[in-house]
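Heads up: the structure comes next, in structure tokens.
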Amino acid sequence: MIFNPRDWDIETEVETGNDDFVFGNYVEWDRFRDENEEELLDYLGVDLPWGKSLTLHEYIDFISQDIFQKTNLIQEYIEDKLLMDNTSELLYGISIKFIERNNEVSDDLISNIFDYYGVPSGTEYEYELPEYLRYWQDDFSDFDYDNYKKYPIKVEKYEHTINCIFN
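Residues in the sequence shown are numbered consecutively from 2, following this note's numbering.
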């Protein structure tokens, strides 16, 4: 699943100048990522069992998730951080402790997951945003354009009237 911003209630901020002139909206995507981390992971279908002890079967289910099959995130961020929580001579007795959320690599792992699924990052300003998030909506409709094509404005026609007004 790819991230679709229309599925979310995205909070926009209004960018203004010193004279309160409105330049347009902007979105702080990093703040959006932080505030909606758990919901985003759930939406994307990614389960991260922070700090839990996983049986071997649960660990296999974990690494079978789409994101970990199509990327090298396990090898890059998790593999060398996992601890054997319980050892056993039998496979069903083995448990593996997953990293904690406050681990030094967890923020990078989450960021890479969000990047993979297309969740924007950084700050996007007015004309970088999708139209429905903009402050200044495009008012130019097909109807207006059709009318313009039918009845083009001829400046020369009004030039005489304008000159009469100002002379």
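Note that beta-carbon positions come from the ideal geometry of N, C-alpha and C, so glycine has one too.
Do residue j and residue i count as a contact pair if the criterion is CB distance below 9 Å?
i: GLY119; j: PHE4; result: yes
i: ILE100; j: LEU57; result: no
i: GLU77; j: ASN113; result: yes
i: GLN138; j: GLU129; result: no
i: GLU14; j: PHE33; result: no
i: GLU38; j: PRO50; result: no
Here's the rule I'm using: 16 or more other beta-carbon atoms within 10 Å means buried, otherwise exposed. How should residue i be labelled?
i: ILE68; result: buried
i: ILE111; result: buried
i: ASN26; result: buried
i: PHE115; result: buried
i: ILE163; result: exposed
Can you tell me the Cα-Cα spacing of residue i and residue j, whole angstroms?
i: TYR159; j: ILE166; result: 11 Å
i: LEU41; j: GLY52; result: 19 Å
i: GLY18; j: PHE24; result: 7 Å
i: LYS71; j: SER65; result: 10 Å
i: ILE75; j: TYR136; result: 41 Å
i: ILE79; j: PHE22; result: 48 Å
i: ASP147; j: HIS161; result: 27 Å
i: ASP109; j: TYR117; result: 12 Å
i: PHE63; j: GLU105; result: 20 Å
i: ASN168; j: TYR152; result: 28 Å
i: SER107; j: ILE95; result: 24 Å
Please report the Cβ distance between residue i and residue j, rounded to the nearest whole angstrom; I am assuming they are in contact, meaning their Cβ atoms lie under 8 Å.
i: LEU134; j: VAL47; result: Their Cβ separation, rounded to whole angstroms, is 25 Å, which puts LEU134 and VAL47 out of contact at 8 Å.
i: MET2; j: LEU45; result: 6 Å
i: GLU16; j: TYR126; result: 7 Å
i: TRP9; j: PRO121; result: The pair is not a contact, with the Cβ atoms about 11 Å apart (cut-off 8 Å).
- Let me know the beta strand (DSSP E) ranges lying completely inside the region 10–73, each 3 residues or longer, listed in chain order. 14–17, 23–29, 54–56
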